[in-house]
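Chemist: Sending over a structure as structure tokens; questions will come in a sec.
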Amino acid sequence: MTTKPELVAVVDATPRCEFCFGPRPCPKHPNVEPLSVVTSHEVPPMHMLAQAHNADLETVVIVGITKDGREYFASSHPDAAESMYHLQRGIYKLNRIVDGDDEAD
Ligand SMILES: [Zn+2]
Numbered sequence: 038m039t040t041k042p043e044l045v046a047v048v049d050a051t052p053r054c055e056f057c058f059g060p061r062p063c064p065k066h067p068n069v070e071p072l073s074v075v076t077s078h079e080v081p082p083m084h085m086l087a088q089a090h091n092a093d094l095e096t097v098v099i100v101g102i103t104k105d106g107r108e109y110f111a112s113s114h115p116d117a118a119e120s121m122y123h124l125q126r127g128i129y130k131l132n133r134i135v136d137g138d139d140e141a142d
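Just so you know, we're using this note's numbering here: the sequence shown kicks off at 38 and counts up by one.
Structure representation (structure tokens):
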């Protein structure tokens, strides 16, 4: 008789370092404080993922490009329409930032 391994969801809410995703406070980056600013500079994906983790999000939709140029998409929401709504809201917010109408939130 075989038994199936039990699936266990591990939810680790420990705040993460924006540079190495290690638990905060991070011994490798003890003097780094996260900034919440709009910038025109490129930001490493790890920073954005750590900030999203630290924001304690209820839902997340991720769009990315792999290093070899492939598209990456993932959504925590099971409903495609709801995921598309969040993507459209993100496009709306980005347009407002680009237009200078909304720099925060
Ligand atoms: Zn670190």
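Quick reminder that beta carbons are idealized off the backbone N, C-alpha and C, glycines included.
What is the residue span of the beta strand (DSSP E) that A111 lies within?
Modeler: Where A111 is concerned, the enclosing beta strand (DSSP E) stretches over E108 to S112.
Chemist: Between Q125, V135, V74 and M85, which lies nearest to R53 when the distance is taken from Cα to Cα?
Modeler: M85
Chemist: Within the structure, which residues are defined as neighbours of ligand 1 by a Cβ-heavy atom distance below 6 Å, reported in chain order?
Modeler: Listed by chain position, these are C54, F56, C57, G59, C63, K65 and H66.
Chemist: Take N91 as the anchor and find which of D138, A50, I134 and V135 has the nearest alpha-carbon.
Modeler: Measuring from the Cα of N91, the nearest candidate turns out to be A50.
Chemist: Taking only runs of the alpha helix (DSSP H) that begin and end inside the segment 43-124, which ones reach a length of at least 4 residues, in chain order?
Modeler: Entirely contained in the segment 43-124, the alpha helix (DSSP H) runs reaching 4 residues are, in chain order, 82-91.
Chemist: If you compare alpha carbons, which of L94, I102, K104 and L131 is closest to S113?
Modeler: L94
Chemist: Near E108, what residues of its chain come up, given a Cβ to Cβ distance below 7 Å and the 5 sequence neighbours on each side ignored?
Modeler: Only I102 meet the Cβ criterion.
Chemist: Which of helix, strand or coil does DSSP assign to G127?
Modeler: helix
Chemist: Hey, would you say I128 sits closer than 7 Å to V75, going by beta carbons?
Modeler: With contacts defined by Cβ atoms closer than 7 Å, I128 and V75 do not form a contacting pair.
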